[in-house]
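Residues 3 to 96 (this note's numbering) are what the sequence shown spells out, left to right. Built from N, CA and C at the ideal position, the CB exists for glycine as well. Written below as structure tokens is the structure these notes are about.
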Amino acid sequence: MNEFKQIHQQANKAAAVDVLHAFYAKWDKSYNHVIRNLKDIEPDLLVFYNYPKQIRASIYSTNMIESFNNVIKRKAKPKAEFPTEQSLDTFIGI
């Protein structure tokens, strides 16, 4: 997932798009459903690049998002792996 984190660390939107498309290429075969959903919302994923660099961090990350990610990590850790994407979606409530 480090590749996905690199998207918001790019200097500009064009570089972020390149990293995002490389992420798609790497993970599409394994997680086609997830990648398809990301492609559908791609403009929304990169909208924070329309704002000055000084405020981007507060746009792409909030305490609520970080808290949600931590809850998922904590709950998923004992499970080790999920047999299908559907089981993971059900687990996190999507």
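Measure the CB-CB distance between I9 and L22 and report whether it falls below 9 Å.
One-based indexing of the sequence shown puts residue 9 at position 7. One-based indexing of the sequence shown puts residue 22 at position 20. Yes, the pair counts as a contact, with Cβ atoms nearer than the cut-off.
Since K28 is in the alpha helix (DSSP H), which residue starts that stretch and which ends it?
In the sequence shown, counting from the first residue as 1, residue 28 sits at position 26. Looking at the DSSP string, the run of the alpha helix (DSSP H) that includes K28 is K15 to W29.
If you follow the alpha helix (DSSP H) that H35 is in, where does it begin and where does it stop?
Along the sequence shown, read from residue 1 onward, the residue named residue 35 stands at position 33. H35 -> alpha helix (DSSP H) spans N34 to D42.
Using the C-alpha atoms, what's the distance from I37 back to Y29?
One-based indexing of the sequence shown puts residue 29 at position 27. One-based indexing of the sequence shown puts residue 37 at position 35. In the sequence under discussion, the amino acid at residue 29 is Trp, which differs from the Tyr named in the question. For W29 and I37, the distance between alpha carbons rounds to 7 Å.
Hey, would you say Y26 sits closer than 9 Å to K41, going by beta carbons?
For the purposes of this step, residue 26 is taken as the residue at position 24 of the sequence shown. For the purposes of this step, residue 41 is taken as the residue at position 39 of the sequence shown. Yes, Cβ-Cβ distance for Y26 and K41 is below 9 Å.
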